[in-house]
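Q: Residue numbers (this note's numbering): 6 to 323.
Here's what the structure looks like:
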């Protein structure tokens, strides 16, 4: 039995006071390289998303619903990546991989909350594009400031009560055997592998929550884009079609990256889970997607690029 477990006199299970995050300890010679790599990635994510927020706030032409949601999304990405990467960097730097039971539960809770919020905000962004392209005359009336604020608030708040109860239920399970988590953060699949007894009900709840938080928003986004693409193809002008596609393509790429890896991780059968695959997929939606989001939205968006050039010109003229 690992030294970080205490035996409970009431039951034959071990009551963990801490877990050990194995992370990337299987490649000891690459610890310094991985620390430098993930530190650089983290700083790029923070600076890239901060830059998008600054551009949106500074340029009056970007004070529209689409960029309001993009600003929310960029701030969310900084929160989302800050749940996992600082802890990973600490483990790589100090080689102290112990995480307390409460810290592990807290990390999982915020990871789930921000993940759910990202699903909802991407859905709200798809709805905004749907109204803009399919009902352009009614767009200013429908997507008013009040509705935008309500949608954003709903995205941030709606998952809070569900995931409080869900996280509490997971960490109320009895744990036994090893306390080593073969992952770089406290995600659901690796934590459940250490749980004792019957986890059938919690696994069914995972599928239900994934259906509500991931699958249904994803289907709504797909339905929106079926309508959007149909409307775009009916536009008489090739220039108009190209402009409409350009405003939607960035969002579609981000949706494909985030939802694709998330659905594979949480909705595939338990029998097909492996630590290596789970780590790779987790890196994809916790690190790679937030890293590319600022690049996707900046490089593929002419309005953002024009606003960025204006800011640089102002800075050079001072």
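The C-beta atom is built at its ideal place from N, Cα and C for all residues, glycine as well.
With 16 other CB atoms within 10 Å as the buried threshold, where does residue 98 fall?
A: With fewer than 16 other Cβ atoms within 10 Å, it is exposed.
Q: Contact between the region 175 to 189 and the region 148 to 166 is defined here as three or more beta-carbon pairs at a separation below 8 Å; is this criterion met?
A: no
Q: So residue 26 packs on residue 96, CB below 8 Å; how close in whole Å?
A: 6 Å
Q: In the DSSP assignment, find the alpha helix (DSSP H) that holds residue 117 and state where it starts and stops.
A: 106 to 139
Q: For residue 185, which three-state DSSP category applies?
A: strand
Q: What three-state label does DSSP hand residue 24 in the structure shown?
A: strand
Q: Between the Cα of residue 173 and those of 129, 115, 249, spot the shortest distance and give me the residue it belongs to.
A: 115
Q: Using the beta-carbon count (16 or more within 10 Å), is residue 243 buried or exposed?
A: exposed
Q: Quick one: any contact between the region 214 to 223 and the region 111 to 125, if contact means 3 or more CB pairs under 8 Å?
A: yes
Q: Between the C-alpha atoms of residue 133 and residue 53, what's the straight-line distance to the nearest angstrom?
A: 23 Å
Q: Can you tell me the Cβ-Cβ gap for residue 191 and residue 112, rounded? I've got them flagged as a contact below 8 Å.
A: 5 Å
Q: Would you kindly check if the distance between the Cβ of residue 50 and the Cβ of residue 295 is under 8 Å?
A: yes
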